[in-house]
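A short worksheet on the structure shown next.
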């Protein structure tokens, strides 16, 4: 679907209305959804003994909890199908980052897969919508974001996340640790705001 054909609507995040992107609507509050990221045990990387493969079979679906290098929470990453009700594509992502005591900042867009290998998943997106305040990076529609997940070889659900925005000094250029906590998303895009805890079962 051409990016320009996606409708420009609104997204409710934690029951607050803010501009949305990839010309879609991603509304949500308090859904549960099926499937967690549970699975086999993994051993500490210091032992050199790795656990079994990922509990989630599809990297293009799921919820990731983000943390800084010191373990502080730093938002969430979602991969999901935005076709039904959102006028988006089956490959869609949403990224939220903290904004002090205010509502979280976010970007969302359809994306193209650049690399999908056992150790790395890399995408590019250029039809963004999202928060438009100065604190949240301003108008998102001319931004191109590349996002890379590098797998931890001894923890099937843990990844190094590298995000780069084409806009200079963007808050969406950062590195973090992404831990997959669900194999799906726990809210209905275009129908519900985000739940307070996106990782809740």
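Numbering (my numbering), first residue to last: 1093 to 1293.
Glycine included, each C-beta is placed from N, C-alpha and C at the ideal position.
Keep in mind that this is a model prediction, so the values were computed, not measured.
- The three-state secondary structure of residue 1204, taken from DSSP, is strand.
- With contacts defined by Cβ atoms closer than 8 Å, residue 1229 and residue 1262 form a contacting pair.
- Between the alpha carbons of residue 1227 and residue 1191 lies a distance of about 7 Å.
- By the criterion of a C-beta distance shorter than 6 Å, residue 1259 is surrounded in its chain by 1235, once the five residues flanking it on both sides are discounted.
- Residue 1281 sits close to residue 1178, with the two beta carbons spaced by under 8 Å.
- Your pair residue 1185 and residue 1200 checks out as a contact, with CB atoms roughly 7 Å apart and the cut at 8 Å.
- Closest option to residue 1212, judged by alpha-carbon separation, among 1152, 1188, 1168, 1175: 1152.
- Burial check for residue 1206: the Cβ neighbour count within 10 Å stays below 16, so the residue is exposed.
- Residue 1235 carries a coil assignment under DSSP once its states are collapsed to helix, strand and coil.
- Secondary structure note for residue 1247: its beta strand (DSSP E) is the uninterrupted segment 1247-1257.
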